[in-house]
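What follows is a short report on a single structure.
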Amino acid sequence: MSSVAGCLLRISNREWVAKVFDMAIYFTSLRRNWKAGRTILFLHRTAAGDALVGYGVIDKACDVGDLSEEDRRECEKGEWRTALEFRYVRQFEKPLLVKTTFLRSSKLRGKYFHGLRLDKNQVEDLVAQGESL
Numbered sequence: 004m005s006s007v008a009g010c011l012l013r014i015s016n017r018e019w020v021a022k023v024f025d026m027a028i029y030f031t032s033l034r035r036n037w038k039a040g041r042t043i044l045f046l047h048r049t050a051a052g053d054a055l056v057g058y059g060v061i062d063k064a065c066d067v068g069d070l071s072e073e074d075r076r077e078c079e080k081g082e083w084r085t086a087l088e089f090r091y092v093r094q095f096e097k098p099l100l101v102k103t104t105f106l107r108s109s110k111l112r113g114k115y116f117h118g119l120r121l122d123k124n125q126v127e128d129l130v131a132q133g134e135s136l
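Under our numbering, the letters of the sequence shown match residues 4 to 136, in that order.
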């Protein structure tokens with residue numbers, strides 16, 4: 004794979020989907036070399052199967068110690084290590100089912116998509132598909 008331009012992050016429940024798009028922040032324990040400008044595509048389980056529900060571009064990654072008291076408590080409660088703050092987030096009007104993308108040929112399913120690294124062409128393809136719905 005060529006250089007990493009983004010990755011998939013799976014959001015476990017509807018409440019957190021709303022929080023990500025309302026607050027433009029995602030808490031994670033996943034260890035990655037988070038860089039400003041990388042695109043994160045958000046994956047969530049829907050009634051029709053796993054689907055991409057939107058994306059965001061990282062503004063900065065903060066360690067737990069660098070967060071506000073409220074965000075720090077949230078991280079400790081969820082046992083997360085990092086908060087990804089986004090320049091912007093965009094929710095797709097309709098979820099983009101994984102089985103309708105190039106990811107369908109992957110042997111990965113469900114939670115195993117979490118953290119999958121993507122190159123620039125893959126990110127652009129998924130964003131374009133999601134925005135065209």
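Yeah, the Cβ is synthetic: ideal placement off N, Cα and C, and Gly gets one too.
Remember, it's a predicted structure, so these values are computed and weren't measured experimentally.
Close-in-space but distant-in-sequence residues of the same chain around residue i (CB under 6 Å, 5 per side omitted)
{"i": "Gly59", "result": "Ile43, Phe89 and Val92"}
Residue i - containing alpha helix (DSSP H), residue span
{"i": "Val126", "result": "Lys123 to Glu134"}
{"i": "Arg112", "result": "From DSSP, Arg112 is part of no alpha helix (DSSP H); its letter is neither H nor E."}
Beta-carbon separation (whole angstroms), residue i vs residue j, contact threshold 8 Å
{"i": "Leu33", "j": "Leu11", "result": "Not confirmed; about 11 Å, so no contact."}
Under the three-state DSSP convention, the category residue i falls into
{"i": "Ala21", "result": "helix"}
{"i": "Lys63", "result": "strand"}
{"i": "Leu106", "result": "helix"}
{"i": "Arg35", "result": "coil"}
{"i": "Gly68", "result": "helix"}
{"i": "Arg41", "result": "coil"}
Segment limits, beta strand (DSSP E) that includes residue i
{"i": "Lys97", "result": "Thr85 to Leu100"}
{"i": "Ala8", "result": "Val7 to Ile14"}
7 Å CB neighbourhood of residue i in its chain, flanking five on each side removed
{"i": "Gly52", "result": "Leu100, Val101 and Lys102"}
{"i": "Leu70", "result": "Cys78 and Ala86"}
Other residues of its chain near residue i: CB distance less than 8 Å, five sequence neighbours each side excluded
{"i": "Glu96", "result": "Leu136"}
Three or more C-beta pairs below 8 Å linking the region 124-134 and the region 50-58: yes
Within the chosen definition, does the region 7-22 reach the region 116-132 through at least 3 CB pairs nearer than 8 Å? yes
Could you tell me whether the region 12-24 touches the region 61-76, using the rule of 3 or more Cβ pairs below 8 Å? Short answer: they don't touch.
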